[in-house]
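Engineer: Structure provided below as structure tokens; questions to follow.
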Amino acid sequence: MNRILGKTRAEGPGLRTALWVQGCTIRCPGCFNPHLWSNRGGTPRDPGDLARELINLAEINGVEGITLLGGEPFDQALPLAAVAQRVRATGLSIMTFTGYELETLREWSATRSDIKALLASTDLLVDGPYRAGSPDHARPWAGSANQSFHALSQRYETLLDGLEGIPDRLEVHVRADGSIAVNGWADDETLDLLLEDLGRRQR
1 MNRILGKTRA
11 EGPGLRTALW
21 VQGCTIRCPG
31 CFNPHLWSNR
41 GGTPRDPGDL
51 ARELINLAEI
61 NGVEGITLLG
71 GEPFDQALPL
81 AAVAQRVRAT
91 GLSIMTFTGY
101 ELETLREWSA
111 TRSDIKALLA
121 STDLLVDGPY
131 RAGSPDHARP
141 WAGSANQSFH
151 ALSQRYETLL
161 DGLEGIPDRL
171 EVHVRADGSI
181 AVNGWADDET
191 LDLLLEDLGR
201 RQR
């Protein structure tokens with residue numbers, strides 16, 4: 001695990017809790033989170049403890065579901081499936097982002113019970129590698145136009161018909177220690193404009 005954001009409107013439908021995992025073997029050029037590629041830098045967590053923390057945060061913040069991002073969630077399918085199953089059993093939804101394509105994951109799931117379990121516990125999947133040369137300006141949450149949305153349960157089936165009417169969001173969180181965390185999606189030019197004045201103040 002890399003980090004948890006207790007509530008966000010930038011990482012999927014409705015108000016959600018987001019979990020970023022550490023480690024990715026896909027490593028798309030231009031990735032928004034290259035610091036999550038390495039397996040180093042994360043915090044190992046027991047799936048049961050992590051599920052309880054996410055459920056507790058969801059209850060406190062009144063969210064409708066959990067979003068799994070990375071890094072690459074399907075590189076850690078076994079523990080994340082255990083987390084997703086416990087979370088989903090409480091009535092919360094699961095949205096998962098992956099750089100793999102759904103067709104590939106389904107092929108693997110024929111012999112990989114961990115991948116089959118994580119797919120089975122995901123309500124909404126965004127799949128496909130990030131392509132920096134094809135940014136998606138029409139749909140929310142997706143980074144590039146090649147990526148696809150898949151309703152793997154009935155929960156978000158109707159959502160897919162109206163994706164282009166949902167605005168993209170970018171959130172900036174300033175922590176008590178003064179550090180800044182950005183989540184959501186924006187192109188480099190927008191980020192530069194947003195962050196250009198956030199340097200150290202001079203007296």
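Residue numbers (full-length UniProt numbering): 1 to 203.
Just so you know, even glycine gets a beta-carbon here, dropped at the ideal spot from N, CA and C.
Please read all numbers here as calculations on a predicted model, not as lab measurements.
1. Gly162: buried (16+ other C-beta within 10 angstroms of its C-beta) or exposed?
2. What first and last residue would you give for the alpha helix (DSSP H) that runs through Leu119?
3. Is Pro135 helix, strand or coil when you go by DSSP?
4. What residue range does the beta strand (DSSP E) around Asp127 cover?
5. With a threshold of 6 Å on Cβ separation, who are the neighbours of Val83 within its own chain once the five nearest residues in sequence on each side are excluded?
6. Can you tell me where the beta strand (DSSP E) with Ile55 in it begins and where it stops?
7. Thinking just about the alpha-carbon of each residue, which of Leu152, Gly62, Val63 is nearest to the one in Arg106?
8. Measuring only the C-alpha atoms, how far is Ala10 from Ala110?
9. Return the Cβ separation of Ala138 and Asp114 in integer angstroms, given the expectation that the two are a contact with Cβ distance under 8 Å.
10. Taking the Cβ atom as the reference point for each residue, do Gly12 and Gly65 lie within a distance shorter than 9 Å?
11. With distances taken from CA atoms, which of Tyr100, Ile55, Met1 is nearest Asn39?
12. Below 6 Å CB to CB, which residues in the same chain sit around Asp136 once its five sequence neighbours on both sides are set aside?
13. Is DSSP giving Ala82 helix, strand or coil here?
14. With H, G and I counted as helix, E and B as strand and the rest as coil, what does DSSP make of Ser109?
15. To which residues of the same chain is Gly42 closer than 6 Å at the C-beta, ignoring the five residues directly before and after it?
16. Just to check my reading of the structure: Leu36 and Phe74 have Cβ atoms closer than 8 Å, yes? What is that Cβ distance to the nearest angstrom?
17. Does the Cβ-Cβ distance between Val126 and Ser93 come in under 9 Å?
18. Any idea if Glu72 is buried or exposed, counting beta-carbon neighbours within 10 angstroms, 16 or more meaning buried?
19. With 16 as the cutoff for other CB atoms within 10 Å, does Ala176 come out buried or exposed?
20. Can you give me the C-alpha to C-alpha distance between Leu80 and Gly128, rounded to a whole angstrom?
Structural biologist: Reading off the structure:
1. Walking along the sequence shown from the start, residue 162 turns up at place 162. Per the 10 Å Cβ criterion, exposed.
2. Your numbering for residue 119 matches position 119 in the sequence shown. Following the DSSP letters along the chain, one finds Leu119 inside the alpha helix (DSSP H) bounded by residues 113-120.
3. In the sequence shown, counting from the first residue as 1, residue 135 sits at position 135. Pro135 falls in the strand class under three-state DSSP.
4. Translated into positions along the sequence shown, residue 127 becomes position 127. Counted as a single uninterrupted DSSP element, the beta strand (DSSP E) harbouring Asp127 occupies residues 124-127.
5. Looking up residue 83 in the sequence shown gives position 83. Taken in chain order, the residues that qualify are Pro47, Leu50, Ala51.
6. Taking the first residue of the sequence shown as position 1, residue 55 is located at position 55. Looking at the DSSP string, Ile55 is not in any beta strand (DSSP E); the run it does join, the alpha helix (DSSP H), is 47-61.
7. Locating residue 106 in the sequence shown gives position 106, where the first residue counts as 1. Considering only alpha carbons, the answer is Leu152.
8. Indexing the sequence shown from 1 puts residue 10 at position 10. Indexing the sequence shown from 1 puts residue 110 at position 110. So the two alpha carbons sit approximately 33 Å from each other.
9. As a working note, residue 138 is residue 138 in the sequence shown. As a working note, residue 114 is residue 114 in the sequence shown. In this structure Ala138 is not in contact with Asp114, their Cβ atoms being roughly 33 Å apart against a cut-off of 8 Å.
10. As a first step, residue 12 must be located in the sequence shown, where it is residue number 12. As a first step, residue 65 must be located in the sequence shown, where it is residue number 65. Contact flag set, yes.
11. Your numbering for residue 39 matches position 39 in the sequence shown. For Asn39, the nearest C-alpha among the options comes from Met1.
12. Taking the sequence shown and counting its residues from 1, one reaches residue 136 at position 136. Here the set comprises Ala142, Ser144, Ala145.
13. Taking the first residue of the sequence shown as 1, we reach residue 82 at position 82. Helix, per DSSP.
14. Residue 109 sits at position 109 when you count from the first residue of the sequence shown. Ser109 falls in the helix class under three-state DSSP.
15. Your numbering for residue 42 matches position 42 in the sequence shown. If the five residues before and after Gly42 are omitted, its C-beta is found closer than 6 Å to the C-beta atoms of Met1, Asn2, Gln22, all from its own chain and listed in chain order.
16. Working through the sequence shown from its first residue, we reach residue 36 at position 36. Working through the sequence shown from its first residue, we reach residue 74 at position 74. Contact between Leu36 and Phe74 does not hold, since the beta-carbon distance rounds to 14 Å and is not under 8 Å.
17. Along the sequence shown, read from residue 1 onward, the residue named residue 126 stands at position 126. Along the sequence shown, read from residue 1 onward, the residue named residue 93 stands at position 93. Against a cut-off of 9 Å, the Cβ pair of Ser93 and Val126 comes out as no contact.
18. To locate residue 72, count along the sequence shown from 1; it is residue 72. When all chains shown are included, Glu72 counts as buried.
19. Position 176 of the sequence shown holds residue 176. That one is exposed.
20. Stepping through the sequence shown from its first residue, residue 80 is reached at position 80. Stepping through the sequence shown from its first residue, residue 128 is reached at position 128. The alpha-carbon atoms of Leu80 and Gly128 are separated by roughly 19 Å.
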